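Working notes, beginning with the structure itself.
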Amino acid sequence: MPQRHPQPAHPADGIYFGLMSGTSMDGVDGVAVRFETGRAPVVLAEAFVGFAQSLRDALFALQQPGDNEIDRESVAANALVARYAVCCHELQRTAGLSRDEVRAIGVHGQTVRHRPERGYTRQLNNPALLAELAHIDVIADFRSRDVAAGGHGAPLAPAFHATIFGAPGETRVVCNLGGISNITILPGDGGDVRGFDCGPANALLDAWATRHLGKPYDDGGKFAARGTVHAPLLDALLDEPYFAAPPPKSTGRDLFNPAWLDAKLAGFAQLAPEHVQATLTALTAVSVAREVAQHAADCKAVFVCGGGARNPVLLAALANALREAGVPATVETTAALGVPPQQVEAL
């Protein structure tokens with residue numbers, strides 16, 4: 001019987017597809033990557049496949065308790081996987097690969113509930129269906145083992161960040177600005193790598209932009225740039241106990257969602273929408289900067305990935321918040337290290 005894959009020098013070497021759909025729930029990022037032992041990963045292709053609004057609505061709705069959840073979850077998971085399969089086909093086409101050249105697809109699914117304090121995390125996925133649609137082996141369910149062992153199952157990326165972005169003698173921070181912000185601390189002295197969620201990022205920024213602009217996100221931070229940070233509102237937002245909790249910690253839309261924001265805005269009804277957007281931008285920046293100041297004050301650079309890397313207003317706010325927190329770090333995207341920011345999570 002012929003082998004399905006060419007025999008690599010190391011059993012894990014080969015070409016893999018990585019798929020990532022995060023808390024922004026706007027689509028799936030995919031990369032085709034060649035891994036060889038002792039060498040840096042080589043990205044062969046990348047792709048983005050968006051989600052229809054009907055799928056986004058279904059995913060958002062499943063983040064809160066509701067009727068008929070089992071059926072709704074199953075239908076949404078199948079629709080989600082259909083988009084994953086399109087992304088895989090696009091990666092094959094762009095990289096000029098046959099399916100037999102791809103060792104496996106790595107995909108964690110779409111998080112709809114994340115409650116490690118209650119012993120579970122829930123990602124929508126149907127890896128068996130994806131394997132049938134793509135005709136490629138699938139590796140999935142990355143988070144539950146860590147939760148079972150008492151961990152948070154999130155963020156997933158610190159070990160990868162250490163391998164790709166670590167630099168002996170220089171403490172670095174990798175900051176993912178997705179729906180939720182998280183940081184990975186890479187000590188220059190070879191100490192323990194740590195990663196945890198800081199708070200909301202695009203989850204609230206996008207929701208507010210959708211409500212007041214009718215657009216899925218604040219393009220380039222222009223909406224926020226029209227406003228001014230409202231200090232009393234920022235203080236009220238930062239009063240959320242999560243921000244003061246020590247790591248390890250993780251969060252998601254279970255906490256930071258439009259209902260949470262509306263409750264915080266109850267005393268600020270007269271505040272113009274652009275001022276709220278500016279203040280939400282500051283919330284993201286300050287919550288990250290405070291964690292960096294507390295846990296990696298000696299870092300010289302913060303490298304940003306995720307959708308927030310395309311928001312210059314947010315990046316400027318982060319740089320300013322770091323200065324105010326006493327951290328002498330530059331703010332750059334991971335492109336400065338040779339990895340485009342939109343590829344990092346999928347890798």
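Taking the UniProt record's numbering, I'd label the letters of the sequence shown as residues 1 to 347.
Cβ atoms here follow ideal geometry from the backbone N, Cα and C, with glycine treated the same way.
Bear in mind that the values here come from a model prediction, so they are computed numbers and not experimental data.
Contact between Ala-278 and Thr-228 holds: CB atoms are separated by about 6 Å, below the 8 Å threshold. If you ignore the 5 residues before and after Leu-133, its C-beta comes within less than 6 Å of the C-beta of Ala-85, all in its own chain and listed in chain order. For Arg-122, the enclosing beta strand (DSSP E) begins and ends at 120-124.
Only exposed fits Ser-98, as fewer than 16 other CB atoms lie within 10 angstroms of its CB.
Excluding the 5 residues flanking it on each side, Leu-271 has same chain C-beta neighbours closer than 7 Å at His-230, Leu-233, in chain order. Spatial neighbours of Ala-329 in its own chain (CB-CB distance under 8 Å, excluding positions within 5 residues in sequence) are listed in chain order as Val-173, Val-292, Cys-299, Lys-300, Ala-301, Val-302, Leu-322.
In this structure, Arg-93 sits away from Thr-121, with a CB-CB distance that is not shorter than 7 Å. Asp-57 is not bridged by DSSP to any residue. For Arg-115 and Phe-35, the gap between their C-alpha atoms comes out near 33 Å. Boundaries of the beta strand (DSSP E) around Phe-196: 194-200.
Boundaries of the alpha helix (DSSP H) around Tyr-84: 69-95.
Only residues of its own chain outside the window of five on either side were considered, and among them Met-20 have a CB closer than 6 Å to the CB of Glu-345, listed in chain order. DSSP assignment within the region 109-185 yields the following whole alpha helix (DSSP H) runs of 4 residues or more, N-terminal first: 127-134, 144-148, 158-165.
In terms of Cα proximity to Cys-88, the closest of Ala-45, Thr-163, Thr-333, Ile-180 is Ala-45. Rounded to whole angstroms, the gap between the alpha carbons of Tyr-16 and Phe-160 is 15 Å. Comparing alpha carbon positions, the residue from Ala-154, Leu-337, Leu-55, Glu-101 closest to Arg-83 is Leu-55.
The Cβ atoms of Asp-206 and Ser-250 lie no closer than 7 Å to each other. Arg-34 has Ile-15, Val-42 as its beta-bridge partners, per DSSP. Counting other Cβ atoms within 10 Å of its Cβ, Asn-311 reaches 16 or more and is therefore classed as buried. When C-alpha distances from Gly-199 are compared across Pro-41, Cys-175, Val-147, the shortest belongs to Cys-175. For the 7 Å CB-CB criterion, Gln-123 and Gly-106 do not form a contact. Taking a contact as a CB-CB distance under 8 Å, the pair Leu-91 and Ala-76 does not count as one, their CB atoms being some 23 Å apart. In this structure, the CA atom of Val-31 is about 12 Å from the CA atom of Val-339.
Contact between Thr-23 and Gly-252 holds: CB atoms are separated by about 6 Å, below the 8 Å threshold. Pro-187 sits close to Thr-171, with the two beta carbons spaced by under 7 Å. Of the candidates Thr-163, Lys-264, Leu-177, Ala-335, the residue whose Cα lies closest to the Cα of Pro-41 is Thr-163. Relative to Glu-332, the option among Asn-320, Ala-309, Gln-342 whose CA is nearest is Ala-309.
Distance between Val-43 and Val-304, taken at the CA atoms: about 19 Å.
In the displayed model, Phe-223 falls within a helix according to three-state DSSP. Boundaries of the alpha helix (DSSP H) harbouring Val-313: 312-324, taken from the DSSP string. When secondary structure is reduced to three states using DSSP, Asp-218 falls in the coil class, being assigned neither helix nor strand.
Following the DSSP letters along the chain, one finds Arg-290 inside the alpha helix (DSSP H) bounded by residues 273-295.
The residues Ala-236, in chain order, have a CB closer than 8 Å to that of Gly-267 in the same chain once the five nearest residues on each side in sequence are set aside. In the structure shown, Asp-29 falls within a strand segment according to DSSP collapsed to helix, strand and coil. The three-state secondary structure of Thr-334, taken from DSSP, is helix. Spatial neighbours of Ala-131 in its own chain (CB-CB distance under 7 Å, excluding positions within 5 residues in sequence) are listed in chain order as Asp-137, Val-138.
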